[in-house]
Each structure stands twice: as C-alpha cells, then as structure tokens.
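Trainee:
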Amino acid sequence: MLLGAVLVLLLLGGAAPASAHAGLRGADPEDGSVLESAPRYVTLTFTESVGLLEDSFRVYSPENRRVSLGEPQHADGASDTARIDLPDGLAEGTYTVAWRVISADSHPASGAFSFSIGKPSPTAPAVPAEQVEHPVTKSLYDTGRHLAYIAAALLVGTAAFVALCRPPDPAPLRTPLLTGWWTLLTATVALLVLRAPYETGTAPATAFDASAFARTLTGRPGIALLTRLGLLLLTAAALLWLSRRPAPEPDRMPRAHLAAGAALSVGLALTWAAAEHASAGIQVPLAMTSSVLHLLAMACWLGGLTALLLTLRRTRTPPPVATVARFSRLAFASVTVLVVTGVYQSWRGLGSWAALTETSYGRTLTVKLVVTALLLAAAGLSRHWTARLAAAKAPVAVEERVPQLVGAAGAGPETKPGTGGPGTEEPGTEEPGTGGPGTEEPGSGEPEAGPGDRPRPPVDEPDRHRRALRLSVLVEVAVGIVVLLVTSVLTGTLPARAEAAAAETAGTAPVAGLPGASTVTIPYDVGTPGGKGRVQITLDPGRVGENGVQAVVFGADGGLTIVPELRLSFTLAAKDIGPVDARLTDRGGYWATSDLNLPLEGTWTMKATVRVTELDQVSASRKVRIAR
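Quick note, in the working numbering, the sequence shown goes up one by one and the last residue is 978.
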C-alpha cells in the first residue's frame, strides 16, 4: 500500500531466457503439433503490441539448415501479432522456429518452438545460441538504465529544491545539478547506441551497424531517447541563460522560471512513460499519467533529499528553518503522490491478490514494500527533527521577553510597583535586596525570567537538531539510492497480469499450473585425487519443446568448482532419437543454454560428460521424464 511500482530484486545473469513484457498467447502452427501438409505461414499472437525486426523469425529445417524467409509482418494489420510466410515445397520432418520481437514497453522478447510436417524427425534441430541476450550488451544496457534513473532524480530533484524550497545560498547545489545533467546525457547516448544490439541480442560491437542504428531511430524506444536528448539540450540552454542573469530573490522566484522547469521535467518523465510499462497493457492514458506523476514525485523527494543534505553540510551558514520546513512539506506531498500512483500501478501490474504470492512479480513487491517502509521510517524521523529544529530556534532569530537591567540601553519605560507612574533608575541606585522588578544583584549573571517568560533554549540545541537532521537525511539518501536501483530493474520484469493473460489464453493456469523445473544430480568420479564430485542439472520446464538448462559442478568438498568442459546430451531410445547435444556454454561459474529442443514426450536418457583436467573426464547418465 506504500509506493507503487513493483520493484524486482533478482540476480541479473545470462542463465535465463530473455525476460520481457510481451507474453506469447499462441502460435499457429502450435508448438509440438504434427501437420499433414506444410503450412503457408507461421503466426504468433502476443499479449500486447510488438515491434518486428528484420530477423524476427528464423526457421530451421530437419537438416538444421536455415530456411529462406521474407520480411516479417503483422497479421491482418494487428499490432499484437507477428507473421512470416513460408516457402513452398517444405520437406517432411520437424522444423524449429526461433522468434524475437520488441515489446511495446521497449524490451525484447524471444523464444522458440517446433512443429512437424508428416511425422517428427528422428533428431530435431536445435536453436542457435545467439538468439539469447548477449550478457555484455545486457549488462551495459542495464547499467545505463540504472544511471539514467539516478541522474533524473538528481537533476529534477535538485532543481525542484532550489525553486520550491528557496535556499538562501544555492551555490553548493550547482555540482549535483551539473552531475545529474551530464550523467543523464551520457547514459541516454549510451542507451541509444546500445539499443540495436540490445534488441537483436548481439555483441556491443554491432552497434556500429548503420542499418541497425537507423532502424533504432525510427522505433518507439529510439524516438523516446532522441526526445530525451533534445529536452536535455533545452535544459542546458535554460540553465546557461539563468546563470548569466541576476539571481532572483529567494522569496520571489519568477513564475515563468517555475513554468519552464515544470514543462521540461514533465517532458523528461514522458520519455520514460512512453517507452516502458505504462505504454502497454490496459488503461494506457491513465497509466502514462500515473507514471509521469510517480517519476516526478520520486525525483522531488529523493533528489531533493540529496540537495537538502548538501545544503545542511556545505553551506557556510546553516540554512534557515523555513527552507527545511518547505522541503518537509514538499516531501510529504511527494510521498502522498507516490502512494496514490503506486497503489494504482501495483494493481495494474499484479491483476489479482493471488499473484502477490504466486508470482515472482508479487513476491518482489513484498520485498519492495519492506525497503519502502524503511525509507518512510527514515523520512518520518527527518520530519521529527525538522519540527524540533523549528521549535528550538536560535536566540538571534527569535524575539523573546528577556528581562533587562533598569536603565539599560534600549530599555523602554517601565512602571514601578507602587508608584503608579513610569520611572527609571540609574544603574546601582536600587539597593540590594529590594526585589524591584527588572533588577538584579551586581554580578549575578543571567537575569531571572519573570512569570510568563519562555525559558531561553541552550545555545547548542539548534545545532544538535541540525546534526540529527543531517544524519537522518543521509540515511534517507542511502535507502533512496537502493529504491532507485530496484526501480530500474522493475522495467525488465514480466508483470503478473500479462503472465496470467498469456497462460490463460494458452489454456494453462498461471505459474502454478505450468510444469515445474526438474533438478537432477549426477555424481562423478574420474579416479584421481580430488576427482570426485557431482553435477546439479536444472531442466526448465522439462516438457516437449524449448527448454532451458542450467548445470552447476560441485567438487569433492561440496563447494562450487570450475571445470574445463561440461557436455550434456539427451537420447530417447524408444523412438530412436538422439543423442541431442544441449550445447552448454560456460556462463562464468555455471553452464547453461536456453534453446534445448526436445521434440517428443517420454523417458529420455540424460548423459553428462565432465572434463576436470585436460586429460581426465568421465560420463554418467540419468533418466529424466519429458512431459507434453
């Protein structure tokens, strides 16, 4: 019920297939089907609109040769479909179709399936490994997205703090303002350059392909990134123009400046909303509005926190209480907007209460709520110290009734008790012990406060409150950075609503009804010292069609170990199929593939060959059941 967007804390590695937001509703021909005659085309239907690449379809013949295809297109003009025409004269056997499209929210989605003409082939062709996301490209692209979120919060939040909280000395805030601008500019350029290899799942060097880069500039994500670059240039021009003009009075910020800053901030937020979650699915106009408000509120809160922390620590004189109080009100309004928009976005992404516990999307939302609760607790503590600071103002800043010596400079006329008229006395005329009001014993130190006078706070009390406020704001900033990082990870995760829609259309219950991943452990012993161990193999989902495989090798001591080579093959003796090589690749600590195609159901023999040295290797086998 706190912040909205569902944030995902998952390890990002190359082991799993590409995670995207367009779910496959169905395929024609269906996966694993056996047709009497060759189909005219292959049609895929998705849960949302998709963009097509030149290489969106690859079809492999029973001899594992690539079939010549034309240009992919949308079926009957429907943006949520993808179709490729098949050539005439396709031979009998099993064909494998590998596909890759771009979701409406800018993320690539890929997969593979097989169908047979006449009868299945003894050995079905395997999908080439290059269809999987390239780990270096994906890591660089994800890093760029993380930096873009943090930089946007720093840029927009700092500008909002200067304009709305009006610190008397904004000089220390020039550094975060420029840092945010340059970081966002660099990250945007990097994302634009890496967009083509990210979409195609190729190495970063392919970014220099002129045709691929030109295609990026015409797609929705590319247009959004170009628009962001243009807005950043306008922002730089506005900041340069303001720096050459006399600084406005802190309490008189021109409305034109506020309007221009608000317009640029909304424009920047729209470049995210137009190319990510909000641009696809249900209620798109409302979702985009909510996304823009959510991003701006996040920036005003978390970016403003950084600006407040720098103001508290680096200004020559402590900022006035009014500046801190203004930010406290701004932060409270931002949190309110985050709660409202966050609840809506969570509902839109989850779709049901059951998804909260039955999907990865829902479970990570629970983790996000915990992190957000910590952030709100720190914010509440900062608000507490802000109130204490406002209550314990410095003596020089507050007019108080302080008793003065009679006749002291600046003392006004005073009525003497019992005289009925005003009178003044020279210092020392009042005898000790007379008890006259406004007098004190010589050398007695501080005057005593009369009835109704408020006690003067200790001189160091405001400083103590400022130090406590600095500490609580520092905690807020640290937790806020974590929130920003996991927020950027959110954009790479399939929402539970889309996942459920794809499963429902396919006639399968969401998540719980799918065949679970099976794990098999195969011990080995090469007969040499330290040559014992075991291989733990996970087959997901363990059914006919495309499967992902992850294999981890454990040594004799039970810890992870690195081996020079690990091979895995599958044989279905009952149908005289195999061995089918899984083509595992070393992913840096484990071995994996995401394109193992098992064409028929039955009990397969899984054989693992482990080479522990250049000369020593051993093979072991296990039975594994593959369901339809």
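All C-beta atoms in this analysis are idealised placements derived from N, C-alpha and C, irrespective of residue type, glycine included.
Under the three-state reduction of DSSP, which class applies to G468: helix, strand or coil?
Mentor: Here residue 468 refers to the residue found at position 118 of the sequence shown. Coil, per DSSP.
Trainee: Three or more beta-carbon pairs under 8 Å between the segment 523 to 534 and the segment 673 to 680, yes or no?
Mentor: no
Trainee: Is it right to say L608 is buried, meaning 16 or more other beta carbons lie within 10 angstroms of its own, or is it exposed?
Mentor: Taking the sequence shown and counting its residues from 1, one reaches residue 608 at position 258. Classification of L608: exposed, given that the 10 Å Cβ count is below 16.
Trainee: May I have the straight-line CA-CA distance separating G654 from A574, to the nearest angstrom?
Mentor: The residue given as residue 654 occupies position 304 in the sequence shown. The residue given as residue 574 occupies position 224 in the sequence shown. Roughly 25 Å between the two C-alpha positions.
Trainee: I want to know whether the segment 931 to 948 touches the segment 898 to 918 - three or more CB-CB distances under 8 Å.
Mentor: Under the Cβ criterion (8 Å, minimum of three pairs), the segment 931 to 948 counts as touching the segment 898 to 918.
Trainee: How many angstroms separate the CA atom of W591 from the CA atom of A540?
Mentor: Looking up residue 591 in the sequence shown gives position 241. Looking up residue 540 in the sequence shown gives position 190. Answer to the nearest angstrom: the Cα atoms are 27 Å apart.
Trainee: If you follow the beta strand (DSSP E) that E915 is part of, which residue opens it and which one closes it?
Mentor: As a first step, residue 915 must be located in the sequence shown, where it is residue number 565. Element bounds for E915: E915 to L922.
Trainee: Among residues of its own chain, excluding the 5 on either side of S429, which ones have a beta-carbon nearer than 6 Å to its beta-carbon?
Mentor: Taking the first residue of the sequence shown as 1, we reach residue 429 at position 79. S399.
Trainee: Please state whether the Cβ-Cβ distance between A625 and M638 is less than 7 Å.
Mentor: In the sequence shown, residue 625 corresponds to position 275, counting from 1. In the sequence shown, residue 638 corresponds to position 288, counting from 1. In this structure, M638 does not lie closer than 7 Å to A625 by Cβ.
Trainee: Alpha carbon to alpha carbon, how far is V506 from K882?
Mentor: Here residue 506 refers to the residue found at position 156 when the sequence shown is read from its first residue. Here residue 882 refers to the residue found at position 532 when the sequence shown is read from its first residue. When rounded, the distance between both Cα atoms is 58 Å.
Trainee: Evaluate contact between the segment 426 to 443 and the segment 378 to 395, counting only Cβ atoms and requiring at least three cross-stretch pairs below 8 Å.
Mentor: yes
Trainee: Of the residues T963, T955 and A977, which one's Cα is nearest the Cα of S971?
Mentor: Taking the first residue of the sequence shown as position 1, residue 971 is located at position 621. Comparing Cα-Cα distances from S971 to each of T963, T955 and A977, the minimum goes to T955.
Trainee: Which residue spans inside the segment 375 to 409 form an unbroken beta strand (DSSP E) run of at least 3?
Mentor: 391 to 396
Trainee: Please report how far the alpha carbon of R415 lies from the alpha carbon of S464, in whole angstroms.
Mentor: Position 65 of the sequence shown, counted from the first residue, corresponds to residue 415. Position 114 of the sequence shown, counted from the first residue, corresponds to residue 464. Distance between the alpha carbons of R415 and S464: 14 Å.
Trainee: Where F682 and L724 are concerned, what is the direct C-alpha to C-alpha distance, given to the nearest angstrom?
Mentor: Within the sequence shown, residue 682 is the residue found at index 332, counting from 1. Within the sequence shown, residue 724 is the residue found at index 374, counting from 1. Taking the straight line joining both Cα atoms gives about 16 Å.
Trainee: Examine chain C for any beta-carbon lying closer than 7 Å to the beta-carbon of E404, and answer yes or no.
Mentor: The displayed structure is made up of one protein chain only, and chain C is not part of it.
Trainee: So, at 8 Å on beta carbons, what are the nonlocal neighbours of Q967 in its own chain, with the 5 sequence-adjacent residues on each side left out?
Mentor: As a working mapping, residue 967 is identified with position 617 in the sequence shown. Same-chain partners within the cutoff: V876, E915, T959, V960 and R961.
Trainee: Would you call the segment 551 to 571 and the segment 482 to 493 touching, i.e. three or more CB-CB distances under 8 Å?
Mentor: yes
Trainee: Since R679 and L618 should fall inside the 8 Å C-beta cutoff, what is the C-beta to C-beta distance between them, to a whole number of angstroms?
Mentor: As a first step, residue 679 must be located in the sequence shown, where it is residue number 329. As a first step, residue 618 must be located in the sequence shown, where it is residue number 268. With 8 Å as the limit, R679 and L618 do not qualify as a contact, their Cβ atoms being about 24 Å apart.
Trainee: Among all the DSSP beta bridges, which residues are the ones paired with N414?
Mentor: As a position in the sequence shown, residue 414 is number 64, starting the count at 1. Beta-bridge pairing links N414 to no other residue.
Trainee: Can you tell me which of the three DSSP states D426 falls into?
Mentor: As a position in the sequence shown, residue 426 is number 76, starting the count at 1. Residue state, collapsed to three classes: helix.
Trainee: If we ignore side chains and look at the alpha-carbon of each, how far apart do P571 and T397 end up?
Mentor: In the sequence shown, residue 571 corresponds to position 221, counting from 1. In the sequence shown, residue 397 corresponds to position 47, counting from 1. When rounded, the distance between both Cα atoms is 19 Å.
Trainee: Could you tell me how far apart the beta carbons of S822 and L889 are, in whole angstroms, since I believe they sit closer than 8 Å?
Mentor: Mapped onto the sequence shown, residue 822 falls at position 472. Mapped onto the sequence shown, residue 889 falls at position 539. With a Cβ gap of about 50 Å, S822 and L889 do not count as contacting.
Trainee: Keeping to the same chain, check which residues put their C-beta closer than 6 Å to that of T953; ignore five residues upstream and five downstream.
Mentor: Here the question's residue 953 lines up with position 603 in the sequence shown. K973 and R975, listed in sequence order.
Trainee: Around the C-beta of E386, are 16 or more other C-beta atoms found within 10 angstroms, so that it is buried, or is it exposed?
Mentor: Numbered from 1 along the sequence shown, position 36 holds the residue referred to as residue 386. Flag for E386 reads exposed.
Trainee: Applying the criterion that 16 or more other CB atoms from any shown protein chain within 10 Å of the CB defines a buried residue, is Q695 buried or exposed?
Mentor: Working through the sequence shown from its first residue, we reach residue 695 at position 345. It counts as buried.
Trainee: Can you tell me whether T577 is helix, strand or coil according to DSSP?
Mentor: Looking up residue 577 in the sequence shown gives position 227. In the structure shown, T577 sits in a helix (DSSP, three-state: H, G or I).
Trainee: To test your reading of the DSSP string, which unbroken beta strand (DSSP E) runs of 3 or more residues are found completely within the segment 877 to 915?
Mentor: Listed in chain order, the beta strand (DSSP E) runs fully inside the segment 877 to 915 are 882 to 890 and 895 to 904, counting runs of at least 3 residues.
Trainee: Is the CB-CB distance between L660 and P522 below 7 Å?
Mentor: Position 310 of the sequence shown, counted from the start, is the residue given in the question as residue 660. Position 172 of the sequence shown, counted from the start, is the residue given in the question as residue 522. It is a contact, given that the beta carbons lie within the stated cut-off.
Trainee: So G382 packs on R978, CB below 8 Å; how close in whole Å?
Mentor: The residue you call residue 382 lines up with position 32 of the sequence shown. The residue you call residue 978 lines up with position 628 of the sequence shown. That pair is a contact at about 7 Å.
Trainee: Output the distance between the C-alpha atoms of Y491 and G439, rounded to the nearest integer angstrom.
Mentor: By one-based count along the sequence shown, residue 491 stands at place 141. By one-based count along the sequence shown, residue 439 stands at place 89. About 42 Å.
Trainee: Here's the rule: buried if 16 or more other CB atoms are within 10 angstroms of the residue's CB, otherwise exposed. What is V720?
Mentor: As a working mapping, residue 720 is identified with position 370 in the sequence shown. Exposed: under 16 other Cβ atoms inside 10 Å.
Trainee: Can you tell me which of A425, A498 and T446 puts its alpha carbon nearest to the alpha carbon of L542?
Mentor: Residue numbering aside, residue 542 sits at position 192 when the sequence shown is read from its first letter. If we check each option's Cα against that of L542, A498 comes out closest.
Trainee: What residue from C515, S640, G376 and T508 has the CA that sits closest to P526's CA?
Mentor: Locating residue 526 in the sequence shown gives position 176, counting from the first residue. The option with the nearest alpha carbon to P526 is T508.
Trainee: Name, in chain order, the residues that DSSP records as bridge partners for I434.
Mentor: Sequence index remark: in the sequence shown, residue 434 carries index 84 (1-based). Paired residues: V392.
Trainee: Would you kindly check if the distance between the Cβ of A901 and the Cβ of I887 is under 7 Å?
Mentor: Numbered from 1 along the sequence shown, position 537 holds the residue referred to as residue 887. Numbered from 1 along the sequence shown, position 551 holds the residue referred to as residue 901. Going by C-beta atoms, I887 is nearer than 7 Å to A901.
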